[in-house]
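Trainee:
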Amino acid sequence: ELKVEQNPLFLSMQEGKNYTIYCNYSTTSDRLYWYRQDPGKSLESLFVLLSNGAVKQEGRLMASLDTKARLSTLHITAAVHDLSATYFCAVGYPHTGNQFYFGTGTSLTVIP
Amino acid sequence: DVKVTQSSRYLVKRTGEKVFLECVQDMDHENMFWYRQDPGLGLRLIYFSYDVKMKEKGDIPEGYSVSREKKERFSLILESASTNQTSMYLCASSLGGSAGELFFGEGSRLTVL
Chain C
245 ELKVEQNPLF LSMQEGKNYT IYCNYSTTSD RLYWYRQDPG KSLESLFVLL SNGAVKQEGR
305 LMASLDTKAR LSTLHITAAV HDLSATYFCA VGYPHTGNQF YFGTGTSLTV IP
Chain G
984 DVKVTQSSRY LVKRTGEKVF LECVQDMDHE NMFWYRQDPG LGLRLIYFSY DVKMKEKGDI
1044 PEGYSVSREK KERFSLILES ASTNQTSMYL CASSLGGSAG ELFFGEGSRL TVL
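Residue numbers (the working numbering), protein chains in the order written: chain C, 245 to 356; chain G, 984 to 1096.
1. Nearest to Leu1059 (chain G) by alpha carbon, out of G:Ser1048, G:Thr1094, G:Ser1065, G:Asn1067?
2. Just to make sure I have the definition right: I need the residues of chain C whose C-beta is within less than 7 Å of the C-beta of Leu1028 (chain G). Which are they?
3. For Gly260 (chain C), collect the residues of the same chain with a Cβ closer than 7 Å to its Cβ; drop the 5 residues on either side in sequence, then sort them by chain order.
4. Give me the DSSP bridge partner(s) of Ala323 (chain C).
5. Can you list the residues of chain G that Phe292 (chain C) reaches, using a CB-CB cut of under 8 Å?
6. Are there three or more Cβ pairs, one per stretch, closer than 8 Å when the region 325–339 of chain C is compared with the region 1064–1072 of chain G?
7. What does a CB cutoff of less than 7 Å around Pro356 (chain C) pick up in its chain, not counting 5 residues either side in sequence?
8. Could you list which residues in chain G have their beta carbon closer than 9 Å to that of Ser289 (chain C), in chain order?
9. Could you give the C-beta distance for Leu293 (chain C) and Leu276 (chain C), rounded to a whole number, given that I count them as a contact under 8 Å?
10. Could you pull the start and end residues of the beta strand (DSSP E) that Asn296 (chain C) belongs to?
11. In this structure, how does DSSP classify Gln343 (chain C) when only helix, strand and coil are distinguished?
12. Under 7 Å, CB to CB, which of the residues in the region 344–356 of chain C have a partner in chain G?
13. Verify the CB distance criterion: does Ser295 (chain C) have a CB-CB separation below 7 Å to chain G?
14. How is the beta strand (DSSP E) around Asp1092 (chain G) delimited, first residue to last?
15. Distance cutoff 7 Å, beta carbons only. Does Leu1073 (chain G) sit that close to anything in chain C?
16. Taking 7 Å as the threshold (beta carbon to beta carbon), is Ser316 (chain C) in contact with chain G?
17. Could you confirm whether any beta carbon from chain G is found closer than 7 Å to the beta carbon of Ser270 (chain C)?
18. Check whether the Cβ atoms of Asn262 (chain C) and Glu249 (chain C) lie closer than 7 Å to each other.
19. Would a C-beta distance cut-off of 7 Å place Pro1044 (chain G) and Tyr1033 (chain G) closer than the cut-off?
20. Are Ser1077 (chain G) and Gly1083 (chain G) touching if we call contact CB-CB under 7 Å?
21. Strictly under 7 Å for the Cβ-Cβ distance: is Gly1079 (chain G) near chain C by that measure?
22. Following the continuous beta strand (DSSP E) through Arg1019 (chain G), name the residue where it begins and the one where it ends.
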């Protein structure tokens, strides 16, 4: 069974601190996506990772993919309040019906 | 700029009413998806479509149907709305065949009274 697990589910951190969100998945894939969702809003694409060792950075967020370990990380550097949101990872499986399997999301709160 | 547009951001309907949620994408994507999102349950796939007039059941199709008469439009239909269908509904699209990036619409928040 295809599973995508994110941890932690909830994260409260102070401004200026660093932290990492983990996304583990059960079946090999080289397609991994990170999304951000603000309360009451839809999902906004953050990163697209399409190969082993891929690393993408945007501002204070950096995402990486290790397909051998079936693990992606979303690293937050020097958090600011504006990063408060829910973050989802999704794994792509082109040859399955659903094609995309989502993690449960990590609700991040950055405290001033 | 890529765009997925959902026709209604907020709807309030009564139990037993028929509800149409419309989704249009302008990216010429083959794949379109309908998800619902509920607190603590994450995103759950209702239906998806790989081509015009083609549909596949997702994880929770009961109580829903879909229509895809044109490539750019994917409609979700609640034949007889019930209170347990109160939720946020998200439409998404992607290029065919490769599990390429999913682009989401703004969401439709449906309340069934």
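The beta carbon of each residue, even a glycine, is placed where N, CA and C say it ideally should be.
Mentor: The answer reads as follows:
1. G:Ser1048
2. Asn342
3. Ala322, Ala323
4. DSSP, once it has assigned bridges, lists no residue as partnering Ala323 (chain C).
5. Rather than Phe, the amino acid found at residue 292 (chain C) in this sequence is Val. Neighbours of Val292 (chain C) on chain G, chain order: Glu1084.
6. no
7. Glu259, His325
8. Glu1084, Leu1085, Phe1086, Phe1087
9. 4 Å
10. Neither: Asn296 (chain C) is in no beta strand (DSSP E) and is coded neither H nor E.
11. coil
12. Phe344, Phe346, Thr348, Gly349
13. no
14. One point to set straight first is that residue 1092 (chain G) is Arg, not Asp, in the sequence displayed. Start and end: 1091–1095.
15. yes
16. no
17. no
18. no
19. no
20. yes
21. no
22. 1014–1021
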